[in-house]
Amino acid sequence: MSTIDPETYQYFLGEAQDLLQVIEQHLLALTPNKPKNQLYDLMRATHTLKGAAANVRQETIKSVAHYLEDVFRAMLAPEATIDTELETLLFEGYQCLRMALTAQMTGELSKNTEIINRAAGVFAKLQAKLGDCFEYQASLPTSAELGFDIVQSIFEVGVKQRIDHLASLLQVESSQGLQVGRLNVVRVRAAEAFRPRFANGFAESVAERPKF
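Under the numbering used here, the residue at position 101 of the sequence shown is numbered 83, and the numbers go up by one with no gaps.
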């Protein structure tokens, strides 16, 4: 099994923290009338985190994010209602996701089994709460409903950030007076670091895209 590039792993940790913040903000903003845009945002954030975790083989984070994504999809069902009990369970699920990332960042990997078991208990309650809502098949949201152009977003956000980051690395190397040959090696390595992240993440996103 190939090793994970350290720079890619650090990028994942930063991205994961940003996505957790997005999830928390949208959970706090949820209202009983459950606007679709909020649920789409939550689905997109958990789906992105699931794919990013898969790229760096973080199975616990991937699994918990997947659980949450399924819950947010179920909440699109017309019969799903947001009450105090559901809100409490959603935040418990979110806390499991945060605990999984914290365990990874602090090296406390022995907690992963405990986290998975805790998450399984929370999501069993969520499944009982939402019931048949998990069978609901929503139509694919439009760009207007999402509030953004999904194709444009892929290139303006995810890909652009990655390219800008790698470009900055090249500029640093160049400013240090590297020879042309060495600079070319840096460019190749940067391309190799970028390619798996985009190709694999996009492939997983297409293969396992949210069933809105």
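Each residue gets a CB set at the ideal place from its N, CA and C atoms; glycine is no exception. Since we're looking at a predicted model, the values are computed, not measured.
How should residue i be labelled, buried or exposed, when 16 other C-beta atoms within 10 angstroms of its C-beta is the threshold for buried?
{"i": "Arg39", "result": "exposed"}
{"i": "Ser92", "result": "exposed"}
{"i": "Gly103", "result": "exposed"}
{"i": "Thr70", "result": "exposed"}
{"i": "Ala47", "result": "buried"}
{"i": "Asp0", "result": "exposed"}
{"i": "Ala(-2)", "result": "buried"}
{"i": "Val139", "result": "Low confidence applies to Val139: its pLDDT is 44, below 50, so where it sits in the model is not reliable enough to give any reading."}
Looking at the secondary structure, which residues open and close the alpha helix (DSSP H) in which residue i lies?
{"i": "Ala62", "result": "Here Ala62 belongs to no alpha helix (DSSP H), and DSSP marks it neither H nor E."}
{"i": "Glu(-3)", "result": "-12 to 11"}
{"i": "Asn15", "result": "No alpha helix (DSSP H) holds Asn15; DSSP gives it neither H nor E."}
{"i": "Gly103", "result": "94 to 112"}
Out of curiosity, what's the CA-to-CA distance linking residue i and residue j?
{"i": "Asp52", "j": "Cys115", "result": "10 Å"}
{"i": "Arg55", "j": "Thr88", "result": "31 Å"}
{"i": "Ala175", "j": "Arg80", "result": "Confidence at Ala175 is low in this model, with a pLDDT of 45, below 50, so its placement is unreliable and the value that follows should be read with caution. Each residue's Cα considered, the two are about 26 Å apart."}
{"i": "Lys111", "j": "Gln7", "result": "23 Å"}
{"i": "Leu58", "j": "Met25", "result": "10 Å"}
{"i": "Tyr22", "j": "Ala62", "result": "15 Å"}
{"i": "Lys44", "j": "Ala36", "result": "6 Å"}
{"i": "Val4", "j": "Ala27", "result": "7 Å"}
{"i": "Glu96", "j": "Gln86", "result": "13 Å"}
{"i": "Glu90", "j": "Gln109", "result": "29 Å"}
Does the distance from the CB of residue i to the CB of residue j come in under 7 Å?
{"i": "Ile64", "j": "Lys16", "result": "yes"}
{"i": "Leu72", "j": "Leu(-5)", "result": "no"}
{"i": "Thr42", "j": "Ala82", "result": "yes"}
{"i": "Cys78", "j": "Ala106", "result": "no"}
{"i": "Leu50", "j": "Gly33", "result": "no"}
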